[in-house]
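Okay, so the sequence shown: first residue is 131 according to my numbering, each after it adds one.
Quick reminder that beta carbons are idealized off the backbone N, C-alpha and C, glycines included.
Computed from a prediction, not measured in an experiment: that's the story for all the values here.
Take a look at the structure set out below.
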Amino acid sequence: MKEKINQLIEQATQRIKESQDVNSINDLKVQYLGKAGEITALLKGMKDVPNEQKPEIGKYVNKARDTITDLIQAKMNELQQKAMNAKMMKEQIDITYDEKDATRGSLHPCTLVIDEVLDIFTGMGFTVANGPEIEMDKFNFQLLNIPKDHPSRDMQDTFYAGEDLLLRTQTSAVQARTMINTKPPIKLVCPGKVYRPDYDATHSPMFQQIEGLVVDKHVTLCDLKGLLELFAQKLFNEKTKVRFRPSYFPFTEPSVEVDVTCSVCHGVGCRICKGTGWIEILGAGVVNPKVLDSCGIDSTKYSGLAFGLGVERIAMIKYGIPDIRILFENDSRFLKSFK
Ligand code: PHE
């Protein structure tokens, strides 16, 4: 009997020593100390041991149980400690890591312009509205006084997905959507991507616009000029002057192209402004009463002003970028210069 117990202890010691993880140690615990375990069987078998041997054998079996229990507990502690150390090693933060070498991103110049322009207008009480890039003909053209056969559609030809769906050519579409659903006063700016059939050094088939709309009682061309002058002074510098030139848009009457004094030469004439001292930055006008009426706003009571600028164009002027395509190439050397 003693012989058998010795063998059991020896075998258990060896197997506990060899086990590498918490699961296998748990299995050993069941195998030796569990209800149907080998030590438990020895204890149960005590009743068959002759009475005179009971005290000695009993002590021996108890000692075996204690030895194996202690070994298992010690191994378990060791393995748990090991697992904890491994976890901590994995989760540790290297506070000596030199962050200077990490590649840190920067905002795209167009994003910088959008943020700045929206900041200026929200500071003047405008709200920001968004709309879908795949737009209905109704909102992109018809409600803006551009019927199906209107020649001005030529300038803004686009991709059509069926009769009435198209890639929007101007974020004015968002203004039409808003006017139909909102009672004046309205004061909003709509940023977003638009699509046109142009491609050269200053035009891209996809570009971004920010358009603005104000509808209220007694809104005039004078308000438009004051508003845009303040805007230009905040965007460029406080000496910036604004000039209006007559133009044509179907949705505004009168319509104007808006120039600002060149922020590089302050109006003297340089390479950037092609010697004129002025740079065109946007189109604008007084909202055509026809547009108000077709959007359900009474044009005898209300009037409006609208303007639209190209984000890439502003970025090119502000940062002296000679070709619009540079903005879309995403050359990291170019982008990094905006950090
Ligand atoms: N929607 C015009 C364009 O994309 C810009 C514009 C907006 C002009 C509002 C006048 C008024 O060219």
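The shortest C-alpha to C-alpha distance from GLU359 to any of LEU318, ASP461 and ILE250 is the one to ILE250.
Contact between SER334 and PHE468 does not hold, since the beta-carbon distance rounds to 19 Å and is not under 8 Å.
In this structure, DSSP gives GLU387 an extended state, which the three-state scheme calls strand.
If you check the CB distance, GLY322 and THR301 come in under 9 Å.
Each of LYS420, GLY426, LEU465 and LYS278 was checked against the Cα of PRO314, and the nearest Cα belongs to GLY426.
When DSSP reads this structure, GLY440 sits in a beta bridge with GLN339. Ligand 1 has no heavy atom closer than 8 Å to the beta-carbon of GLN272. Per DSSP, ALA291 is not a residue of any alpha helix (DSSP H), being assigned neither H nor E.
The C-alpha of LEU295 is placed about 27 Å away from the C-alpha of GLY415. Straight-line measurement puts the Cα of ILE198 at about 13 Å from the Cα of LEU172.
The beta-bridge partner set that DSSP reports for ASP330 consists of HIS333. Fully enclosed alpha helix (DSSP H) runs of no fewer than 4 residues occupy 239-253 and 267-270 of the region 238-279, in order along the chain.
Within the same chain, Cβ atoms closer than 8 Å to the Cβ of HIS348 are found at SER433, the five residues on either side in sequence being excluded. Straight-line measurement puts the Cα of LYS147 at about 60 Å from the Cα of LEU465.
Here VAL345 is bridged, per DSSP, to ILE316 and GLY434. Apart from sequence neighbours up to five positions away, the residues of its chain that approach THR391 with a beta-carbon distance below 7 Å are THR370, LYS371, GLY397, GLY407 and TRP408, ordered along the chain. In this structure, THR252 places its C-beta atom within 9 Å of the C-beta atom of VAL319. In the DSSP assignment, GLU410 falls within the unbroken beta strand (DSSP E) covering 408-417. Of the other Cβ atoms in all chains shown, 16 or more fall within 10 Å of the Cβ of ASN275; this residue is therefore buried.
In this structure, GLN338 has its beta carbon at no less than 8 Å from each heavy atom of ligand 1. At a Cβ-Cβ threshold of 9 Å, ALA259 and THR308 count as neighbours.
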